[in-house]
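Chains as they are written, first to last, in the working numbering: chain X, 1 to 337; chain P, 338 to 674. Working notes, beginning with the structure itself.
There are 2 protein chains.
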Amino acid sequence: MKQITIKDVAEAAGVSKATASRVLSGHPATSQEARKAVEAAAGRLGFRPNAQARSLRKTRTQTIGLLLPDVRNPFFGDLAHAVEQRARSFGYMTLFGNANENVEQQDEYIDVMLSQRVDGVIAAPQGDGGNLDQLLRSGVPVVFVDRVLDTMEVPSVSPDNSTGIHDAVKHLTARGHRRIGYIAGPQSTSTGRERLRSYKEALAATGADTDAELIFLGDFQAASGAEGARTLLDLPNPPTALLAADSLMSIGAVGVCNERGIAIGADLAFVAHDDIDAFNLINPPLTVIAHDIDAMGRLAVDMLMSVIGGGSPASNTIAGRLIVRGSTPEFEKERQS
Amino acid sequence: MKQITIKDVAEAAGVSKATASRVLSGHPATSQEARKAVEAAAGRLGFRPNAQARSLRKTRTQTIGLLLPDVRNPFFGDLAHAVEQRARSFGYMTLFGNANENVEQQDEYIDVMLSQRVDGVIAAPQGDGGNLDQLLRSGVPVVFVDRVLDTMEVPSVSPDNSTGIHDAVKHLTARGHRRIGYIAGPQSTSTGRERLRSYKEALAATGADTDAELIFLGDFQAASGAEGARTLLDLPNPPTALLAADSLMSIGAVGVCNERGIAIGADLAFVAHDDIDAFNLINPPLTVIAHDIDAMGRLAVDMLMSVIGGGSPASNTIAGRLIVRGSTPEFEKERQS
DNA sequence: CGATTCCATGGAATCGATTCCACGAGTATG
DNA sequence: CATACTCGTGGAATCGATTCCATGGAATCG
């Protein structure tokens with residue numbers, strides 16, 4: 001199957017390659033007839049410009065890279081969707097890289113993206129060093145999303161990891177909870193670290209119990225949420241409320257409660273992160289700390305466009321807010337005695 | 338920021354561009370010294386070959402396109418992950434295109450993928466005609482996944498849309514259900530059509546009620562699942578069991594039951610499609626019709642590699658099996674009276 | 001020992017689109 | 001009426017890597 005090139009179009013239209021190119025890329029200096037002839041020929045032949053050749057000559061590829069830890073995580077799925085739609089509206093393609101929560105795969109994708117000469121990268125980075133350094137030193141515009149690296153000065157859009165958690169802890173203590181278990185995210189990510197810090201601060205501020213055993217360190221995956229729930233519920237003096245640092249771990253933790261016949265909203269209060277569709281499944285509905293994921297994605301793209309255009313946008317945080325639902329009722333003191 | 342090219346590497350190593358290229362692409366006819374010098378220079382300079390230039394000269398891009406209706410659908414999220422990981426193992430990048438359940442966006446992405454000269458495309462197509470025709474006529478290897486188009490002769494890997502549904506209906510009737518509501522997928526997709534047909538066949542085979550009003554046509558999105566549940570439950574003679582054609586519509590439908598205080602597994606039997614993680618949230622656990630999504634993704638990639646290699650693999654179906662859990666208990670006849 | 005093969009190598013062509021430059025025709029200006 | 005200017009156009013250079021082809025030196029064979 002021979003690909004048709006601009007040369008074929010030019011010949012069919014009876015003009016030169018240069019003129020054909022000018023018509024097809026909307027250059028103003030073209031005559032009415034040339035335009036008509038070339039457009040007709042291109043349509044008739046089904047001409048489709050070779051993006052490789054074009055990108056080689058121009059230095060732009062109209063492509064951005066999006067580097068995420070895992071698309072199967074609903075949070076990142078939604079984020080990917082938001083980024084992709086926004087990028088599309090700017091005429092950019094999105095090249096997804098799924099690091100699979102794995103630094104080596106992340107390095108590999110950074111490599112590919114640099115080779116593909118993407119015009120910019122939006123990344124939720126994990127670890128530091130490796131090819132991440134090279135990416136930043138390469139001069140390719142980069143915006144971090146959801147997670148940041150303290151060691152690197154890069155514009156970012158990240159969730160507010162403080163307000164929501166403070167509000168959640170305040171809410172729980174106001175309802176009589178003193179033992180609030182926390183299923184934390186990995187401490188190798190800024191989001192994991194900040195949320196854990198906020199939880200500790202909030203405990204201190206409200207006077208709730210601060211035993212170290214109330215904290216379980218997970219990895220943002222469902223299995224670790226399940227393990228966390230088991231560990232915390234098996235404590236000699238178990239928590240009466242659980243707070244989980246992301247949606248997948250919440251899914252795992254709720255699954256364990258279901259297995260054990262622990263009724264969320266009655267036997268145990270539960271606060272999750274992220275207000276994802278799937279939480280519709282649970283009854284009573286979950287109290288969550290929600291961030292506007294769509295806004296995060298859009299903002300990340302807008303900032304990247306600004307960087308590509310030579311700007312240096314300031315970093316942003318996306319507000320987190322507590323949405324109180326049925327999973328965090330009043331705690332009945334008498335259960336303890 | 339000047340990009341370093343193979344010319345720079347060649348000069349630094351004291352050899353010609355041709356030799357440098359040979360060393361870097363592992364051509365056998367290279368001397369020990371040349372190899373050492375070039376590799377050292379490439380490493381020192383941090384050389385990263387320009388993928389555009391390479392693809393232009395070779396005719397291969399080592400990239401496949403993956404065209405899906407919506408990554409936010411857990412089914413397609415899992416599928417995307419499976420495809421991407423498998424493609425990676427063959428040394429291929431995956432270019433995602435999110436059609437957003439929208440034929441125009443699908444057309445746009447087909448356009449981009451053809452321009453990018455992807456080596457092959459894996460697609461879950463919607464509608465027919467449009468650029469889909471052009472894609473197939475272009476000679477680019479294509480494999481359909483999850484959905485097929487009858488009008489087009491293309492290797493595909495699709496779920497078995499019959500066995501699981503027959504088993505589910507048999508299971509429900511055996512437990513005393515005669516009125517089984519069905520929330521169908523869009524009839525513009527083969528999966529939607531086949532599952533509806535299987536449902537009708539199964540009703541006929543088991544002697545369950547076959548009122549047309551027991552069928553609600555949804556669109557594979559959560560909102561339509563909710564609407565379907567409302568419509569069916571509001572019937573004068575409502576179903577005692579619900580069957581939904583995908584996971585998102587199940588999420589929507591279950592949400593409505595929760596709102597209305599209808600206890601799934603007690604007041605209403607429920608069978609969902611796809612055994613996704615998020616279903617852990619619900620208690621009692623859902624009876625589902627499950628397909629091995631990972632296997633589907635892997636197989637699609639393997640078949641595409643075969644087509645790229647000049648083969649013409651036969652189409653495959655992935656078995657669907659009923660996994661019985663707590664959401665489909667015995668139906669208590671006396672409730673009806 | 002002369003003829004042939006083999007191998008590493010560099011120069012040049014190549015992939016397909018864009019763009020610089022030069023040119024001629026037509027129009028406006030002094 | 002001559003000069004300057006604009007405008008559409010085609011030829012040729014260009015982007016960066018790969019690959020064909022020719023070359024010279026070393027190795028092999030009769």
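All C-beta atoms in this analysis are idealised placements derived from N, C-alpha and C, irrespective of residue type, glycine included.
Judged by their CB atoms, asparagine 161 of chain X and threonine 191 of chain X are nearer to each other than the 8 Å cut-off. Taking 8 Å as the cut-off, the Cβ atoms of asparagine 98 of chain X and aspartate 111 of chain X do not count as close.
For glycine 457 of chain P, the enclosing beta strand (DSSP E) stretches over residues 457–460. Going by DSSP, proline 159 of chain X is part of the beta strand (DSSP E) stretching over 156–159. Assignment of leucine 217 of chain X by DSSP, reduced to helix, strand and coil, places it in the strand class. Here alanine 549 of chain P is not near isoleucine 517 of chain P, since their CB atoms are 8 Å or more apart. Look at glycine 164 of chain X here: in three-state DSSP terms it is helix. The distance from the Cβ of leucine 636 of chain P to that of asparagine 617 of chain P is about 26 Å, inconsistent with a contact at the 8 Å cut-off.
Across the structure, valine 38 of chain X and valine 15 of chain X are spaced so that their CA atoms are roughly 8 Å apart.
If the five residues before and after arginine 88 of chain X are omitted, its C-beta is found closer than 8 Å to the C-beta atoms of Thr94, all from its own chain and listed in chain order. In the DSSP assignment, no residue is bridged to methionine 450 of chain P. For the pair glycine 555 of chain P and alanine 521 of chain P, the CB atoms are nearer than the 8 Å cut-off. Beta-carbon to beta-carbon, leucine 45 of chain X and valine 23 of chain X are separated by about 14 Å, too far to satisfy the 8 Å threshold. Residue pairing for methionine 430 of chain P: DSSP places it in a beta bridge opposite P:Thr400.
Here DSSP, grouped into helix, strand and coil, assigns arginine 658 of chain P to strand. Taking 8 Å as the threshold, the shortest C-beta distance from phenylalanine 412 of chain P to chain X does not fall below it. With contact defined as three or more Cβ pairs closer than 8 Å, the segment 235–249 of chain X and the segment 264–273 of chain X are in contact.
Glycine 634 of chain P and proline 28 of chain X have their C-alpha atoms spaced approximately 47 Å apart. The beta carbon of alanine 278 of chain X lies closer than 8 Å to those of Pro74, Ser247, Ile251 in the same chain, with the five residues before and after it left out. Considering only P:Lys507, P:Thr500, P:Val440, the residue with the shortest C-alpha distance to alanine 627 of chain P is P:Thr500. Counting C-beta atoms within 10 angstroms of its own C-beta, phenylalanine 553 of chain P has 16 or more neighbours from the protein chains shown and is therefore classed as buried.
Ranked by Cα distance from phenylalanine 433 of chain P, the first of X:Ala314, X:Arg48, X:Glu84 is X:Glu84.
Counting C-beta pairs with one atom in each stretch, the segment 456–466 of chain P and the segment 132–151 of chain X have fewer than three that are closer than 8 Å, which means they do not touch.
The C-alpha of leucine 416 of chain P is placed about 21 Å away from the C-alpha of arginine 530 of chain P.
Beta-bridge analysis with DSSP links valine 608 of chain P to P:Leu580, P:Thr624.
Within the segment 376–388 of chain P, the residues whose Cβ lies closer than 9 Å to any Cβ of chain X are, in chain order, Gly383, Arg385, Pro386, Asn387, Ala388. Interface criterion not met: the Cβ of histidine 628 of chain P is under 8 Å from no Cβ in chain X. Here the C-alpha atom of leucine 196 of chain X lies approximately 36 Å from the C-alpha atom of asparagine 437 of chain P.
In this structure, the CA atom of serine 306 of chain X is about 16 Å from the CA atom of glycine 65 of chain X.
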